[in-house]
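First the structure, in the form of structure tokens, and then the observations on it.
Chains as they are written, first to last, in this note's numbering: chain A, 99 to 322; chain Y, 672 to 925; chain D, -4 to 249.
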């Protein structure tokens, strides 16, 4: 049970990291677009999803979402064995994406405007500006906050126990109710969470070190 | 739409079964957040302050505590206290106080980070000035550094309070009847009104959180914000702040 | 080469960076623009590149009208090199890669061609040995020299300099000016916003004095220093010519 739990937790972590990064990027692009309507909807998304807890979105996708679908599609979903996992992925994604989009946007704002101007004045077009000049710098600027967000997201996967996803935390409670050896199970789970969180942090710090030259020069360029 | 029929349940969403039974609903979320934040305030300040200590036997346990708590999901902290509080205290502990204790433990670690970031954000010239004007080290901290640091911490505190407020919904899993639990109960008792119940939950959280984040934004614009969320290795300036005697401008890097 | 016809630009009633600008610059000329800060000097050269738009009037660069929608802006920009006041090499690329980027992506040179060309340019600005350094490892003067090389890599017909030395420490200014002087002597068309009057005296064919968005005086090089006509120019010159840089160059003039 614990092993499946670990597997599902890792699956949730992996999938939601990727999906929320994609969705977050889309939202961030919307929020920085020149079209007013897109900006409005991007902002609306963030304001809605950031101000309501992740647990709510999990419950929402688990209980309410199938009801909203027309033509018995919801019943099919409810009958689907792994629907809790699907709901969990959707819930975690929409919650995390709002934070990710904020981080991406702040990363764009952190790059001095002159960088874009140089890129323009050497004749790069809009796509090239982003591809070769802005995005690589954005990535470096947002590395620490983005990493932290991913650790948060990892910890949030534990919320999925509330919608009966058989992930690690759920497994510990199951073991407790079946065998009364919940304490050991919880201890193992805690160690697992701490170990994985800290190793994620370690990876972030290593990446940061690897790109250190660039980050220091960025602050210099900004300071002048 | 059964939204307006939920009017009859409004009291439950806001207060739970309060005058008759236990307090619940949205007010409980707010109370949980405020209570746990204020209970852990001094622990947080102490932890944050000691994290910057130069004495290893003070610093290392603090770092261990803070990083352990910060890398454990709140749910697991909740379960640990659920198991252990009765053992430690020798009596039964109500669900409410278990929830408060877990949230307090959780927020103490984050507050430690806020305090640390706040102290580090004060230019070191301030400490040097205080020391050269004849204040002792603890006087300098108490009268010069900490008051300034607290002012810088206010926006971070507000934004942490918002996220703590949202995290209080997690106590749902041990059966505390706060807003999410209320909504779930209502939606199960009256399956017709499931949309309305979820809408009420969402509005409850949204209104409080949105208005608070508005406050946070204004404060942030006025005072700037601190980076307390990210995990970071301790920087060299830590050494400087609390070292026993003078060894100033050692780890100097502008 | 560049022609301003009745160019106007207005941010608000108080802030009018360009007022009725008429100016013609011919091929191979070096024009220095000076004036107090906020006079509209930077705006004057930024509109040539269309980094900023104008409200009325017409700018003709190399026979092409900037307001004409058929003008290929990207191509035009590629032929106009620009060096900014801020040090803004791409921080995530080495000196060589900084120079190579635009030739490869815009001019579609092969990697080897771009590399050869970039190395030549680095030699020209005297930094061939630093090709593998990141901007953070270069001094301010070196960064500006690489920035000049980066603009030259596009083989521009016009070079625009927006106070290229004003962010630098005094001892680093001359190395940048030397590069600019050699560029002028090769016959490049240059528009330079600067307060380095020694530089102006040495290479400028004309000096434009601006204030409050207006061109108050245009003078051939020695004349405007020796005998400025407008009273604002007189004031400005007498302020700025008291700098040691001028004293150092004074004998040459007399």
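Ideal Cβ positions, reconstructed from N, Cα and C, are used throughout, including at glycine.
Query, Result
"Collapsed DSSP secondary structure at residue 851 of chain Y in the structure displayed", "helix"
"Residue-level contact to chain D via CB, residue 238 of chain A, 8 Å cutoff", "yes"
"Near-chain D residues of the segment 201 to 235 of chain A (beta-carbon distance less than 9 Å), N- to C-terminal order", "210, 212, 213, 215, 216, 217, 218, 219, 220, 221, 222, 223, 226, 229, 230, 231, 234 and 235"
"Reduced DSSP secondary structure (H/G/I, E/B, other) of residue 764 of chain Y", "coil"
"Span separating the alpha-carbon of residue 121 of chain A from that of residue 145 of chain A", "15 Å"
"Exposed unless 16 or more other CB atoms sit within 10 angstroms - verdict on residue 224 of chain D", "exposed"
"For residue 149 of chain A, the three-state DSSP class (helix, strand or coil)", "coil"
"Identity of the residue in A:305, A:303, A:290 and A:197 nearest residue 742 of chain Y by Cα", "A:290"
"Contact under 8 Å by Cβ, residue 126 of chain A with residue 219 of chain A", "no"
"Spatial distance of residue 87 of chain D from residue 788 of chain Y (CA atoms)", "28 Å"
"Cβ of residue 872 of chain Y within 8 Å of any chain A Cβ", "yes"
"Where residue 101 of chain D falls: helix, strand or coil (DSSP)", "coil"
"Status (buried if at least 16 other CB within 10 Å, exposed otherwise) for residue 238 of chain A", "buried"
"Where residue 161 of chain A sits in the DSSP three-state scheme", "helix"
"Near-chain A residues of the segment 709 to 740 of chain Y - C-beta to any C-beta below 9 Å", "738 and 739"
"Residue 136 of chain A beta carbon less than 8 Å from that of residue 258 of chain A", "no"
"Enclosing alpha helix (DSSP H) for residue 251 of chain A [first to last residue]", "233 to 254"
"Chain-order list of residues whose beta-carbon lies under 6 Å from that of residue 140 of chain A (same chain, five-residue window excluded)", "125, 128 and 129"
"Straight-line gap, residue 813 of chain Y to residue 790 of chain Y (C-alpha atoms, nearest Å)", "11 Å"
"CA-to-CA distance, residue 888 of chain Y to residue 916 of chain Y, given in whole angstroms", "With a pLDDT of 35 at residue 916 of chain Y, under the threshold of 50, the predicted position of this residue should be treated as unreliable, though the coordinate-derived value follows. Approximately 40 Å, taken between the alpha carbons."
"Whole-angstrom C-beta distance between residue 154 of chain A and residue 713 of chain Y, which should lie under 8 Å", "Not confirmed; about 32 Å, so no contact."
"Start and end residues, alpha helix (DSSP H) containing residue 13 of chain D", "Premise fails: residue 13 of chain D lies in the beta strand (DSSP E), 13 to 20, not in any alpha helix (DSSP H)."
"Within chain Y, partners of residue 295 of chain A - CB distance below 7 Å", "742"
"Chain-ordered neighbours of residue 100 of chain A on chain Y, where CB pairs are closer than 9 Å", "Within chain Y, no residue comes near residue 100 of chain A; the closest Cβ sits about 14 Å away, beyond 9 Å."
"For residue 166 of chain D, the nearest candidate out of D:196, D:83, D:174 and D:135 (CA to CA)", "D:135"
"Residue from Y:867, Y:732, Y:755 and Y:778 whose Cα sits closest to the Cα of residue 705 of chain Y", "Y:778"
"Nearest neighbour of residue 823 of chain Y, chosen from Y:891, Y:735 and Y:756 [CA to CA]", "Y:891"
"Residues sharing a beta bridge with residue 205 of chain D, DSSP", "D:210"
"Proximity test, Cβ basis, 8 Å: residue 126 of chain A and chain Y", "no"
"Buried versus exposed, by CB contacts within 10 Å (16 or more), residue 841 of chain Y", "buried"
"Span separating the alpha-carbon of residue 294 of chain A from that of residue 286 of chain A", "12 Å"
"Best match in D:180, D:130 and D:187 for proximity to residue 160 of chain D [C-alpha to C-alpha]", "D:187"
"Beta-carbon separation (whole angstroms), residue 1 of chain D vs residue 52 of chain D, contact threshold 8 Å", "4 Å"
"Closest by C-alpha distance to residue 27 of chain D, when choosing among D:189, D:229 and D:55", "D:189"
"Simplified DSSP state of residue 99 of chain A, which is helix, strand or coil", "coil"
"CB contact below 8 Å: residue 241 of chain D versus chain A", "Note that residue 241 of chain D has pLDDT 43, beneath the 50 cutoff, so the model's placement of it is unreliable and the number below is only indicative. It does not: the Cβ of residue 241 of chain D has no partner Cβ on chain A nearer than 8 Å."
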